[in-house]
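Below: one structure, written as structure tokens.
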Amino acid sequence: MKIVECVPNFSEGRDQAKISAIAEEIESTPEVKLLGVEPDPDYNRTVVTFAGTPEGVKQAARKAIARAGELIDMSQHRGSHPRLGAADVVPFVPIRGVTMEECVRLAVGLAREVGEGLGIPVYLYREASRKPEHRELANIRKGEYEGLAEKLSRERPDFGPCEFNERVRRNGATVIGARKLLIAYNVDLSTPELAIANKISGRVRETGVIRKINGTERTPGLLKQVQAMGVRLRTGITQVSMNLLDYEVTPPHVALEAVRREAEAIGVEVTASEIVGLVSLEPLLMAGKFYMSSRGDRPVAPTEELIRASIKGLALRDFEPEKKVIEYALANQGLGTRN
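First residue of the sequence shown? That's -16 in the working numbering, and the numbers climb one at a time after it.
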């Protein structure tokens, strides 16, 4: 059975009734299983994870995008995470028996339906991008929703209207694409100072920081295949919010320890971390082996013990393996088997 994962991010993280209504559109779609719904009130954003057959997943994504457009008014949206629209970003991820090329075709097909059928401007990103600069989501989202009217006046989207009409004013734009599994990974800092979180983010992300000398050259960051930004939460702390684009290059434990070193150098502690959405089993096993070795234990252990070591070592909060490990979540929904 071919399995595709979809991980849309919706610009609503506080109104549970709206979040549930969007999730219901997915859950009611044949050949699709809802794996996770994770709202964040600080970001005012919800990450939804579902998987199923390619056509079922595409249909569920379209229904959810349409429902989000009915329920979310972007002109009233406020949150600490960059965003462009109600259904902000919708990536397809190949899981089993599906190629990246097939996911690209799904993305393009959905983009056409959303642009032409729902009247929402759509930009294609990552493997589905039609412009080199659109591989990176941040380049498309530059200026965010507030800059969308100006963006549409100078740049035609890949699909949908290029004018800021009433529907677009309410819905914003949507970014649709295909990508490999990534890990959305946030590290909590013991400081309310956003400048410190931004400084650490600039040190660890691959693109680094712009040099002040001429304003164009960059000092590269420490970690390859990592995006990072500082975020202030309503609880009074800050986070280094990261996307680990390739965990084989930079796994979570490497990212965490880099952030920890940079934080400790300026007198700040790492207090916890979180994985948003689901994560593959392999990077957890890598972390478990690392932390067991670092405390002098033999890193050869049963899977469950390695997972426990990774949760403790990464200081992961609210992490339930049965729900958060994608292999387990798929197996629990009858879409796979445990190794």
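For each residue, glycine too, the CB sits at the ideal point set by N, CA and C.
Beta-carbon spacing of residue i, residue j below 8 Å
i	j	result
Gly80	Lys(-15)	yes
Ala6	Val(-10)	no
Val170	Ser256	yes
Ile258	Ile166	yes
Gly155	Leu67	yes
Ala270	Pro234	yes
Arg(-3)	Ser58	no
Ala180	Val237	no
Ala29	Phe75	The identity of residue 29 in the sequence shown is Thr, whereas the question assumes Ala. For Thr29 and Phe75, no; Cβs fall outside 8 Å.
Segment limits, beta strand (DSSP E) that includes residue i
i	result
Val223	221 to 227
Phe33	28 to 35
Asn169	166 to 172
Which residues DSSP lists as bridging residue i, in chain order
i	result
Ile(-14)	Arg79
Tyr108	Gly160
Glu257	Asn169
Thr202	Val192
Lys16	Ala34
Asp23	Arg28
Gly68	Gly155
Element boundaries [alpha helix (DSSP H), containing residue i]
i	result
Glu7	-1 to 10
Arg186	177 to 187
Arg215	Here Arg215 belongs to no alpha helix (DSSP H); instead the beta strand (DSSP E) covers 209 to 215.
Val242	235 to 248
Buried or exposed (CB count within 10 angstroms, at least 16 for buried), residue i
i	result
Ser276	exposed
Val72	buried
Ile123	buried
Gln210	buried
Arg300	exposed
Ile9	buried
Pro77	buried
Pro13	exposed
Lys41	buried
Residue i beta carbon near the ligand NAD (any heavy atom closer than 7 Å)
i	result
Val91	You won't find the ligand NAD in this model; it holds no ligand whatsoever.
Review point. Curious, which full-length beta strand (DSSP E) runs of at least 3 residues does the region 258 to 309 contain?
Key: none
Check your understanding: Unbroken alpha helix (DSSP H) runs of length 4 or more, entirely within the region 119 to 152: which are they?
Key -> 120 to 124, 131 to 137
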